[in-house]
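Colleague:
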Amino acid sequence: MHELPVQYPPCFFNPLCTCSKAIPDLGIVNCENVPMTRIPQAINSSKVFILQFSNNGLRHLQPQFLMNTGLYNLQIRHNPLADIPDEAFAGLERSLWELELPYNRLIRVPSNQISTIAADNWRGLESSLQTLRLGKNTIDKLPADAFSGMKYLEILDLRDNNLKEIDSSVFRDGMAYLTHLYLNGNQLLTIPYNQLSTLKHMKVLDISYNRISKLIQQQTEPEIRGLQLSLDTLRLDWNQIETLPAASFQHFLKVNKTYLSGNPLRMIEEGAFRDSKINELYLTDCDLMEINSASLRGLESSLELLDVVGNNITDLSEHLFQEFDFLRTLIFRDNKITNFAPTEVFTGFQYSLYNLDLSGKLNGVVSLQDLRQMRNLRYLSLSKMPQDSLSPDDFLEFGIDVKELHITQSNLNSIKSHAFTHVRGIKYLDFSENSISSIDDDAFSEVGHSLLTLKLSHALSSSIKDLPNKSFKTLTNLQYLDMSNNKIRSMSDTSFHFLKRIKRIELQDNEISEIRKGTFQGDIHSTLESVDFAFNQISHLQTHTFVDLSAITFINLKDNMINKIDRRAFMNMNRLKYINLRGNEIKDIADEAFQNLPDLEFLDIAYNKMNEFDFASFDQVGTLAAFKVNASHNRITKLSINSSSFTPATSMYFSVGGTLQSNIKVLDLSYNNISHIMQYYFRPVEYSLTHLYLEHNELVNVTQAVFGNLPHLQWLDLRSNDLTEVDFDCFRNTKNLQVLLLGHNDLMDLPAESLRSLKKLRIIDFSYNKLRALPDNIFNDANIESLDLSHNQLMRLPTKSMSPVSAASLSVLNLAWNLLTGIHTADNLSKFRSLTYLDLSYNRLVRLDDGIFSEMPHLTDIDFSHNKQLILETRGRTFYGLEDSLLTLGLSNISLLSVPELPLHHLRTLYLANNELATIPAELASNLSSLHHLDLSHNDLTVVPLITHTLFELEIFNLAYNPITTITNTSFLGPADSLIELDIRGLPLSTFEAGALCKAKKLRKVYITAYTGIKNFKFPDYLEYNHGLRHLLIDVQNETTLEKEMNGQFPVKLSNFTFTGRNLKSIDKNILHGMRSPYLHFGLYNTSVNKVPKEMFANAKSVRNITVNIYNNDLKTLENPSNGHKPGAADKKFLMRLRMQGSYLTCDCEIGWIEGWQRKHRQYQEDRCNIFPVRRYNFELDESNEYSCWDNGWDDDLRESFCVNKNNMTVLNALKTDIECGWSSANIYQVSHLLIVSITAIAIKNIY
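Taking the working numbering, the leading residue of the sequence shown gets 1053, the next gets one more, and so forth.
(1) Check each candidate in N1991, L1956 and E1975 and name the one with the smallest Cα separation from H1984.
(2) For the putative contact between Q1647 and N1608, defined by C-beta atoms under 8 Å, what is the C-beta separation to the nearest angstrom?
(3) Thinking C-alpha only, which one of T1888, F1376, L1358 and L2136 is nearest I1383?
(4) Do P1736 and Q1713 count as a contact pair if the criterion is CB distance below 8 Å?
(5) Within 10 angstroms of its Cβ, does M1088 collect 16 or more other Cβ (buried), or is it exposed?
(6) Kindly say whether L1235, judged by its beta-carbon, lies nearer than 8 Å to any beta-carbon of chain B.
(7) In chain order, which alpha helix (DSSP H) runs of at least 4 residues are fully inside the segment 1705–1791?
(8) Quick one: Cα of N1387 to Cα of T1336, how far?
(9) Give the DSSP-derived three-state secondary structure of N1391 in the structure shown.
(10) I'd like to check one pair, L2003 with I2019: are the Cβ atoms closer than 8 Å?
(11) Whole angstroms are fine: how far does the CA of T1571 sit from the CA of L1649?
(12) Just tell me which of M1662, D1992 and T1689 has its CA closest to the CA of T2017.
(13) Let me know the secondary structure DSSP gives N1521 once reduced to three states.
(14) Determine the DSSP secondary structure at I2086, reduced to helix, strand or coil.
(15) So, under 8 Å CB-CB, S1638 and I1657 are touching, yes? Tell me the CB distance rounded to an integer number of Å.
(16) Going by the beta-carbon positions, is the gap between N1632 and R2211 smaller than 8 Å?
(17) Does the structure place the segment 1224–1238 close enough to the segment 1249–1269 that three or more beta carbon pairs sit under 8 Å?
(18) Specify the secondary structure class of E1653 as computed by DSSP and reduced to three states.
(19) In this structure, what does DSSP give as the bridge partners for S1515?
(20) Go to S1282, then tell me how far its alpha helix (DSSP H) extends in each direction, as first and last residue.
(21) Over what stretch of residues does the beta strand (DSSP E) that includes M1437 continue unbroken?
(22) With a floor of 3 residues, list each beta strand (DSSP E) that falls wholly inside the segment 1838–1882, ordered by position along the chain.
(23) Tell me the rounded alpha-carbon separation between R2189 and M1437.
(24) Please state whether DSSP places P1244 in a helix, a strand or coil.
(25) With H, G and I counted as helix, E and B as strand and the rest as coil, what does DSSP make of T2159?
(26) If you run the structure through DSSP and keep just helix, strand and coil, what is Q1672?
(27) DSSP beta-bridge partners for K1309?
(28) If you compare alpha carbons, which of S1684, E1738, I1716 and S1740 is closest to N1724?
(29) Should the segment 1140–1152 be regarded as contacting the segment 1931–1948, the criterion being three or more beta carbon pairs within less than 8 Å?
(30) Counting along the chain, where does the alpha helix (DSSP H) carrying E1273 start and finish?
(31) Just to confirm my understanding: we take P1394, look at its own chain, exclude 5 residues before and 5 after, and list those with CB closer than 7 Å. What are they?
(32) Does D2342 pass the burial test, meaning 16 or more other C-beta atoms within 10 Å, or should it be called exposed?
(33) By a C-beta neighbour count over all protein chains shown, 10 Å radius and 16 as the cutoff for buried, is H1501 buried or exposed?
(34) Residues in the same chain with beta-carbon distance under 7 Å from K2117, minus the five sequence neighbours each way, listed in chain order, please.
(35) The beta strand (DSSP E) with M2188 in it runs from where to where?
(36) Going by DSSP, name the residue or residues bridged to I1022.
As C-alpha cells, then:
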C-alpha cells in the first residue's frame, strides 16, 4: 500500500506552508504549490532542517536569506528561478549537505538547462558535498578535473544528458568515496573503462539507455589490458548490443548484479563471461533464441540468478547448467519453451534451486509432479498445467520449504480440498488470470497458519457470483486478500470474520451490490488498514457499515452506484485518513453520516449528484487533521442551511458561533451550478476554513453575509462565475486572506473599500473581467506580490491603486489584453521597484518614454508583443537600466522592419515573431551573447540568418513560416553545438539537404513539416545523426499518409511523435516501424484522421509502454494499442494513459476494450506505485509527485468525455452502467478493438 504523505500543521510565517515543528526550530518546511515570488524573510529568523519549495512562481533568491537557518537540505523545483546570487547560501557552508534545484530555469550549476560545467562550480563545497545530481540537462562534455577535489562525493548523477565520451582525466584524482555513478540516458558508444578505473570504491555503474553496441573495442584494448572493475550493480539495459563475443566481460572481475535487459541481443558466444564473476544476470526482453551452459561458461562458480524473461527461447537442453553449483534462481517466464522434460533438464538442481519461474502463455505444459525432485524449492511460478485442478497429489513429495506459488494465466478450474497438504509452509499464493469455477471449503486448511497473501485477481469464472468465503475460514493469519477484477455479486456479512489478521482487502472491479452491516467488525478486524470496493454496484451505505475499525486508514468506494449514505455509516475510526466516494450517484448524505473520524484528511465526493452540501453530515470529523472535502462536479444549485438541522436565527447558532461546528479546512465546491449562497451558510466552518474553491459556478455577487466572517480563510477562488458586484464590506472580518482569485467574471468596478481590510493579501487575479479602472489606494497596506489584470478594459496603469507599501512588494504584474496606449514617466513606475515580471502584450501601446524602466533593477521579464503601433527607440534607450537584469523580452507582432539595438548582455529569451523582418544583422549578437531562445517565426527571412553563427548559447530556435526556400548542410552549423529545440515548419522549401541537422548532437525536439515536395524526403534520413532526439512534431500541409516520409530507422531515444495538420487524413500502419525506444507518446492534434489502426502500434516492435493524446480531430476509430495483459509484460505493449478530454464518442460495444483496459490498470496499479518494478518494467516515474498513486485524476479524462448517442452521458458512466457488452460479456481480448470517436473542436493551448 502506498503511504499517504505526512500532513504537518501550518507555519507561523505563512499558514499555506506546513512546518513539522513550532518556532524557534521549524523542522521540515514545505511550501509546495504555495504562490510566492520570494522566500519569506521570517524563515531566516528560525532554525530549519529541510526547506521545500515547488511550483511557487519563485523568481528570485535574496542574498544571505538563509544565513541563520542551519539548513541541512534545500529543495527548490519547478520554479522560474533564473539565477542564484553569489551570497545566496552564505552561512550554510557547514550545515548544508543536500541541495536540490531541478526543473528551474538556471543555466549555471547546479540546476537544469545546463550545457557546460567546470571544476570551479563546486568551489567551497569540496569538503562537504556528498550527492550531486546533474541529470536531465544538456551537458555534452565533462572537462578535465570537472570533479577534482570533491573528496567526499558519494553519488554523481549525470543521467539524461548528451555525453558521447568521458574525458580521460575527469576522475583522475580517484574520488575515494564515490559509490554511485549514473550515466544512463546519454549517447555513449563505448564503456569508458580507463576513465572509471580510478574509482576504486564504485558500487553502482548505470550506463543503460546509451548507444553501446560492443563491450570491447579492439582499438582501445591495448591501453586497458588487464584492467578489471568490481561492482555491486552494472546496468547495461536498453543499449544496442546484438552479440556478446568471447571475453566481453574481461574487464569486470566481479559484479553482483548485471543487467542486459532490452538489448537486441541474439547471441552469447562461448566464453563471453570468461574471467568474470557475476551473481545475478538479467537478460529480460532480448532476442535470445537459446540459452545453455556454454553461453555462460566462466560463471559456474558465481552465478546465483538467471533471468531470461520475454525472449524467444524454444528449448531447454538436458542437464541444463548442471555444473553451475550456486545457481539458485531460474526465470524463464514469457518465452516459447514447448518441449522439455523437467526431470531431465533440472537433474542437477535437486537440492540447490530455490526459485523457478516457467510461467507465460507461450511456454509449454509443465506438470507439478515433474518438479518434485527439487527438494529446496521456495518459489514456483507456472502457467500451463496438464490438468485443470489443484489437488494434494500435485504436491506429493515436494519439499517443505515452498513459500510462494504462482499459477497465473493458466487453465486452472478448481482447487480441491486439502490441496496444500504437502506444502504447509506457503506464505504467498497467486492464482490471477485464471477461470476458477470452484474452490473447495477445505482447500486452504493446511496453510491457514502460514498464508499471508492470497491473490485471486481476475481469477474466478463468471459462474462464481458469491464470494467463496467458506474456503477462507482457516486463513487466520492472512494479511492481504486480492479478489479484484472478477464478477462477484454478493458477499455474506461473515465473509471476512475468520480473517483476524487481515490488513488489506481488494475487491474493486466486481459487481458487488451491498456491504452488509457487520461485515467489518472492530473486535475481529483490529489490524485492517485498507479496503477497496471501487467500481462495483453498491447503491446504499447503511448505518455502521464501517465502524470501530481501529487501524483502518483508507476506504475506497469510488465509482459505485451509491445514492444514499445513512447516519453513522462511517463511525469511530481513529486512524482513518482517506475516504474516496468519487464518481457515485450520491444525492443524500444523512446528518452525522461521518462521525468521530478525528484523523480524516481527505473526503472525496466529487462527480456525484448532490443537490446540497450540509455541514451536519460531519460530526467530530477531521478534528486532528487538515481536513479536506472535495465536493466538486456535483449538481448543487444553492448553498443553504437545512432548517431542520438548525435552531432558529435568534438562537446561539447565529449569535455565538453555533451549536454546529465543522472542522473542514479545505472545501472544494467548484464545477457545480451554485447561484445562491444563504447568509451565514459558512458559520459552522468560520473558525476552521482556510481554503474555499467556488470556481465554475453561477454566483453573481460577493457579500459580507457570506464571505465577511471567515477569519482563517487564506485562499478564495471565485473564478469563472457570473460575478457583477462585490460589496464594499464583503471581507470585513476575513482579514487573513492571501490568495484572491476573481478571474473570468463580469466585474465592471470594485468598491474602493472592498480590499482595504485584507492586509495579508499577496496574490490577486482579476483577469477576464470588464474593469475600466481600479479605485485609488484599493491596495493600501497589503504586500501584494502578484497582480493579474489581463483581459480587462484598463486605459491606464494602476499605479494610483497601490500605496507605496503595496507597490514596493509587487513582483508580477500582468496587464495583457487591455487598452493601454502608453507608458510615461508620469505613471511613476518607479514605485514598482521589486517588479520582476511585466506583461503589456495585446494593448494599444504607441510609445514608451526613454529609460522608463530604469528604476526597476529586478525586472527580468517584459512582453510588449502584439502592440502593432508601438514604436521602439532604435538605440535601445527604452531598456536603459535593464542591461544587467532583463532575461526575457517579447517583441512579437509589433510591426518591426528591423531589430532595434538591444544592449542586453544577460537576455536569454527574445521573441520577434510575426514581424516584417527581412534580415537580422549579425552584429546584434555582440549585445545578445547570453541568448538561449530566439523566436523569428512568421517573418520575411529568406535565409537562415548569420547571427546564429555567433550566438554560442542558442538552445531553442524558431524559424517557422518564413519564405526560406533552401536549407543546406551548413545552414545550422552556427548553433549546432548548442541547439536543443528547432522549429522549421511551414517553409516553402525547394532544397533541403540531408545533412542539414547532422551536427546538432544535442537536439532533443524538432518541429518540422512533411516536405512532400522534396524528392525522396524521409524523416529518418534527416535525423540519422541526432542521437539525443526525444520528440518529433510533424506538421502535414500536403495530403499524405506518411508511409514514405516515415520509412527508415529513427534515433534510439525518439519516443514522442506528434502529428498535426488538417491535410493529414489517414495514417499508414507502418509509420512507427523504425522506432527503437521502449516508450511511445503518440499525439494527434487538429488533423482529419478518422482511424488510428492497431497495426500502427503493433509494428512499433521496440515499444512497451504507450500513451495516447487525441484532441481536436475528426477521429471515428481508435483501435486498442495494447497487446499485453498487464503493464510491464515483457515483449508486450500496454497503454499507460489515454487522454481525449472533450471528445464526443459513439458509445456502443466497440468501446468495450476501454473498460477492460482500465480494469487492468487498476488491477496492476501496485506495480506502478512501488519503486522496485518501475525500473524493471520501464515505467517512467513522475519525479515531481512522489504520491502520484493517490492522484484521483488519472481516469478523470473519461469523465470529461461524452457519449453523443446517449444524451451526453459520460463515457465512464456508459462503460459502468449502460453498455451491456465488452467486459460484461467477454474477455478484453475477445471484444472488438475499436473505439468510435467523434471529436468536436476544442481550444488547444501550448501545443506548439
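Glycine residues also receive a C-beta, built at the ideal position from the N, C-alpha and C atoms.
Modeller: In this structure, then:
(1) L1956
(2) Actually they do not touch by this definition, with Cβ atoms about 20 Å apart.
(3) Of the listed residues, the one whose Cα sits closest to I1383 is L1358.
(4) A distance below 8 Å separates the beta carbons of Q1713 and P1736.
(5) buried
(6) Here there is only one protein chain, and chain B is not present.
(7) 1756–1759
(8) Going by the C-alpha atoms only, they are around 10 Å apart.
(9) strand
(10) Judged by beta-carbon spacing, L2003 lies beyond the 8 Å limit of I2019, meaning their Cβ atoms are not closer than that value.
(11) 19 Å
(12) D1992
(13) Note: N1521 maps to helix in three-state DSSP.
(14) strand
(15) In the sequence on display, residue 1638 carries Ile and not Ser. 6 Å between Cβ atoms; contact.
(16) For N1632 and R2211, no; Cβs fall outside 8 Å.
(17) Because the criterion of three Cβ pairs below 8 Å is met, the segment 1249–1269 and the segment 1224–1238 touch.
(18) coil
(19) None; S1515 has no bridge partner.
(20) Taken as a continuous stretch (DSSP letters only), S1282 belongs to no alpha helix (DSSP H), being part of the beta strand (DSSP E) at L1281 to R1287.
(21) Looking at the DSSP string, M1437 is not in any beta strand (DSSP E), and its letter there is neither H nor E.
(22) Secondary structure remark: continuous beta strand (DSSP E) runs of at least 3 residues inside the segment 1838–1882, in chain order: 1838–1840 and 1864–1866.
(23) 34 Å
(24) The three-state secondary structure of P1244, taken from DSSP, is coil.
(25) In this structure, DSSP gives T2159 an extended state, which the three-state scheme calls strand.
(26) DSSP places Q1672 in the strand class (E or B) of the three-state scheme.
(27) T1285 and E1332
(28) Among S1684, E1738, I1716 and S1740, the Cα nearest to that of N1724 belongs to S1684.
(29) no
(30) E1273 to I1276
(31) V1418, D1422 and L1423
(32) Any property of residue 2342 remains undetermined from this structure, which presents the chain solely from 1053 to 2300.
(33) exposed
(34) Correct list, in chain order: E2091, S2140 and V2141.
(35) It spans F2186 to R2191 - the beta strand (DSSP E) in which M2188 sits, taken as one unbroken run.
(36) With the chain covering 1053 to 2300 only, the question about residue 1022 has no answer from this structure.
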